[in-house]
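A.B. asks: What follows is a structure written as structure tokens; I'll ask about it next.
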Amino acid sequence: MSIQTLAYLSSVVGLVIIWMLYERVGYRPISISVPLLAPYVYLRIEILYAIIVGILVSALLGEIFYRYLLFYGLRQFFIYNIISMLVIFITLYTSINEEVLLLSTLPGLFAYDVHSSRNRVRTAILSAIFFTLHVTSLFILVNILRVV
Amino acid sequence: MKGELPWRVIPNRISISGTRGKTSLAFLVYSEIVGKNKGVLCKITGTLPLMFINKSTILMKRKGPAKLYENVIPTNIGKLDYCIMENQGISVYTMKVFHEVFLRPQTVVLTNIRLDHVENLGKTREKIASAISSTITKDVRLVLSGETDERINQILKKGYYEFDVVYSPKPELPGSEIPVLGDYLLRRYGFSGIDVWMYLRKIESELRWKETRGLVFYDGSKINDPNSASLVLRWLGGVPLIILQLRRDRPGRTWAFLKMIRERWVDYNSVIVSGDWSDMFAKKTNGISLPDSCEGASKALEIMRERGIPAFLTGSRGGKFIRCLLEMLGVKGIPLVYGELPLEVNLKSRG
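Protein chains in written order, with our numbering: chain A, 1 to 148; chain B, 1001 to 1351.
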């Protein structure tokens, strides 16, 4: 099994865990972008800063659109994703490829999930914890299974 | 967007939330305040969204589905003291957005917690209570509850606001919490309150089986949740025929009514069902499925005549079957709210 295969499967497992949590608590306590972002970061650690900047800028600007321009719902979802794509474009301008294109909306999705959550602070913290656990688990699994 | 946000210009803001009776309560409180010559704005929603500014009424035009932007108020309204708005959100998100960016209320009134909008809020009353309480923002100082279930009130209670439960003197009367809440709310804001018993008698006089051409029925088509339907049915008494209109865009409601029928929350003779999933529904409840059309309504009328027992119409008013049936039974329009519209109704149109 390759590292990429393991990372891919871990995404599926991550999504299933989030789904189970949703069924248990009745709302989305963790952003569904996390199981996709974590393997991405594990495989390409150099994009971590772009993801963090993408999430922070989308969250901040999105909040301004929400509070001052009264954007909400799907309108807000588009705003988060567009801001995220632009931030990723600027931060990873020199290394743009199809991978970056696929990655580009995920920080926006993260910001939207936090925004639309019933408990924003909890969702943000739990998403960060889940992200860390996911990356750590991948690191441990890769070393235990000695996949290349 | 043209207009102003209520929280920027009106000092006292009240959000009317909960499951049933929001429109009635908002209008009741508004009518009392406007009668005292105070500057007041009231927004009610539903199929006919209306905004009342002092003694003027604005009929709001909707293009497509309801949006929270209809809570933006006109700029040239002068000085107003009170704003009473019905929370029109049906999901946790939209209810929260309404509180957070549009109204920013200091007082939230929760009329009751019933099994409605289960697809968005949860499949138990506890989950719905938890969902609704999460929409109450940190600026809120007072939450009034008309809910009588203590377990539900415990879920609604939170540390950062004062929480008061208001009990009806006649709890078995469906809707009796509405005038009681109105009275308490008005007194909290320094007004003289209302004659609660007069309102209770009015509700009582309307909650009875009606008779048309030898057919006995009750039009509960505006009663969209099984908790409320059961309360009304228990109040009316008897073992009726339940006539239910289902809607494709309300799968949670279908599920909730199925639960009510299968678990026999009330005594009933049999079920006639129409609309989406009616075949499945009828199969699971040993009921009768009829087409969602005027032909289906004629057939329902025949069954009502044959059985000679009262019929309770419920579920939804949005279906050809129920509309035709109500027309055949001579039901005209829907009583909007308690009382009449303000005397000086100045119906303007607003885009």
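All C-beta atoms in this analysis are idealised placements derived from N, C-alpha and C, irrespective of residue type, glycine included. Given the structure is predicted, the values throughout are model-derived calculations rather than measurements.
Helix, strand or coil, according to DSSP, for ASP1139(B) in the structure here?
C.D. replies: Three-state DSSP puts ASP1139(B) in coil, outside helix and strand.
A.B. asks: So, at 8 Å on beta carbons, what are the nonlocal neighbours of TYR66(A) in its own chain, with the 5 sequence-adjacent residues on each side left out?
C.D. replies: Closer than 8 Å at Cβ, skipping near neighbours: TYR72, GLN76, HIS115.
A.B. asks: Mind listing the chain B neighbours of SER116(A)? Cutoff is C-beta to C-beta under 7 Å, in chain order.
C.D. replies: Those within 7 Å of SER116(A) in chain B are TYR1093.
A.B. asks: With a cut-off of 8 Å, do at least 3 Cβ pairs link the stretch 83-90 of chain A to the stretch 108-123 of chain A?
C.D. replies: Yes: at least three Cβ pairs fall under 8 Å.
A.B. asks: Which bits of chain D does ARG67(A) rub up against, with CB to CB less than 7 Å?
C.D. replies: The displayed structure is made up of protein chains A and B, and chain D is not among them.
A.B. asks: Could you tell me if PRO1171(B) is buried or exposed, where buried requires 16 or more neighbouring beta carbons within 10 angstroms of its beta carbon?
C.D. replies: Its Cβ having fewer than 16 others within 10 Å, PRO1171(B) is exposed.
A.B. asks: What whole-angstrom Cβ distance do GLY62(A) and ILE79(A) have, given they're in contact under 8 Å?
C.D. replies: Right, their Cβ atoms sit about 6 Å apart.
A.B. asks: Answer yes or no: does any C-beta atom of chain B fall closer than 7 Å to that of LEU15(A)?
C.D. replies: Answer no: the Cβ-Cβ gap between LEU15(A) and chain B never drops below 7 Å.
A.B. asks: To the nearest angstrom, report how far apart GLY1353(B) and LYS1063(B) are at their CA atoms.
C.D. replies: Residue 1353(B) lies beyond the residue range present for chain B, which begins at 1001 and ends at 1351; the question has no answer from this structure.
A.B. asks: Using 7 Å as the limit for Cβ to Cβ distance, is GLY1351(B) near chain A?
C.D. replies: Confidence in GLY1351(B) is poor, its pLDDT being 34 and thus under 50, which makes the residue's placement unreliable; the coordinate value appears in the next sentence. By this cut-off, GLY1351(B) is not an interface position.
A.B. asks: Is DSSP giving LYS1299(B) helix, strand or coil here?
C.D. replies: Three-state result, LYS1299(B): helix.
A.B. asks: Measure the beta-carbon distance from ASP1276(B) to ARG1248(B) and round it to whole angstroms, keeping in mind my assumption that it falls under 8 Å.
C.D. replies: Rounded, the Cβ-Cβ distance is 4 Å, consistent with contact.
A.B. asks: When burial is assigned at 16 or more other CB atoms within 10 Å of the CB, is TYR49(A) buried or exposed?
C.D. replies: Per the 10 Å Cβ criterion, exposed.
A.B. asks: Report the residue ranges of all beta strand (DSSP E) runs contained in full by the stretch 1082-1146 of chain B; include only those spanning at least 3 residues, in chain order.
C.D. replies: Counting only runs of 3 or more, we get 1082-1086, 1107-1110, 1142-1145.
A.B. asks: I'd like to confirm the pairing. Which residues does DSSP put opposite VAL1165(B) in its beta bridges?
C.D. replies: Answer is SER1145(B).
A.B. asks: Going by beta carbon distance, what residues of the same chain come within less than 6 Å of SER1228(B), once the five residues before and after it are set aside?
C.D. replies: If we look at SER1228(B) and ignore the five residues flanking it on each side, its Cβ neighbours are ARG1020, ARG1114.
A.B. asks: What residues from chain B crowd round GLY26(A), counting only those whose CB sits closer than 8 Å?
C.D. replies: Residues of chain B passing the Cβ test: GLY1122, LYS1127, SER1130, ALA1131.
A.B. asks: What are the residues that DSSP puts in a beta bridge with ALA124(A)?
C.D. replies: Its beta-bridge partners do not exist; DSSP assigns none.
A.B. asks: Below 7 Å between beta carbons is the criterion; list the residues of the stretch 71-88 of chain A that meet it against any residue of chain B, in chain order.
C.D. replies: Hits within the stretch, in order: TYR72.
A.B. asks: Along the stretch 1161-1185 of chain B, where does the CB come closer than 9 Å to a CB of chain A? Name the residues.
C.D. replies: The residues in question: there are none.
A.B. asks: Is GLY1220(B) helix, strand or coil when you go by DSSP?
C.D. replies: Strand.
A.B. asks: State the Cα-Cα distance for the pair ALA124(A) and PHE130(A), rounded to the nearest angstrom.
C.D. replies: Cα to Cα, ALA124(A) sits roughly 10 Å from PHE130(A).
A.B. asks: Taking C-beta pairs closer than 8 Å, name the residues in chain A that VAL1109(B) reaches, listed in chain order.
C.D. replies: By Cβ distance, chain A contributes nothing, its closest Cβ being about 21 Å from VAL1109(B), past 8 Å.
A.B. asks: GLN4(A) to LEU43(A), Cα distance in whole Å?
C.D. replies: Between GLN4(A) and LEU43(A), the C-alpha separation is close to 8 Å.
A.B. asks: Nearest by alpha-carbon distance to GLY1237(B): which of LEU1186(B), GLY1190(B), ALA1311(B), THR1212(B) is it?
C.D. replies: When each option's Cα is compared against that of GLY1237(B), the closest is ALA1311(B).
A.B. asks: Between VAL1097(B) and chain A, is there a C-beta pair that is closer than 7 Å?
C.D. replies: Chain A contact via Cβ: present.
A.B. asks: For SER1352(B), decide whether its Cβ has a neighbour in chain A, counting only Cβ atoms nearer than 7 Å.
C.D. replies: Any answer about residue 1352(B) is impossible in this case: the structure gives chain B only from 1001 up to 1351.
A.B. asks: How long is the line joining the alpha carbons of MET1085(B) and ASN1120(B), rounded to whole angstroms?
C.D. replies: When rounded, the distance between both Cα atoms is 21 Å.
A.B. asks: Closest to ASN1269(B) by CA distance: which of GLY1296(B), ASP1292(B), ILE1309(B) is it?
C.D. replies: Among GLY1296(B), ASP1292(B), ILE1309(B), the Cα nearest to that of ASN1269(B) is on ILE1309(B).
A.B. asks: What does ILE82(A) pair with, by DSSP beta-bridge criteria?
C.D. replies: Answer by DSSP bridge pairing: none, since ILE82(A) is not bridged.
A.B. asks: With a 10 Å radius around its C-beta and 16 neighbouring C-beta atoms as the bar for buried, classify PRO35(A) as buried or exposed.
C.D. replies: Buried is the call here.
A.B. asks: Residues in the same chain with beta-carbon distance under 8 Å from LEU1246(B), minus the five sequence neighbours each way, listed in chain order, please.
C.D. replies: So the list reads ARG1253, THR1254, PHE1257, VAL1273, SER1274, GLY1275, ASP1276, TRP1277, SER1278, PHE1281, GLY1315, SER1316, GLY1319, once near-sequence residues are dropped.
A.B. asks: I want to verify the contact list: residues of chain A whose CB lies under 7 Å from the CB of LEU1068(B), in sequence order.
C.D. replies: Here the neighbours are TYR72.
A.B. asks: By the DSSP assignment, the beta strand (DSSP E) with ALA1227(B) in it spans what residues?
C.D. replies: In the sequence under discussion, the amino acid at residue 1227(B) is Asn, which differs from the Ala named in the question. Careful: ASN1227(B) lies outside any beta strand (DSSP E), inside the alpha helix (DSSP H) at 1226-1236.
A.B. asks: Secondary structure at ILE3(A), three-state DSSP: helix, strand or coil?
C.D. replies: Correct three-state label for ILE3(A): helix.
A.B. asks: Is ARG75(A) helix, strand or coil when you go by DSSP?
C.D. replies: ARG75(A): helix per DSSP, three-state reduction.
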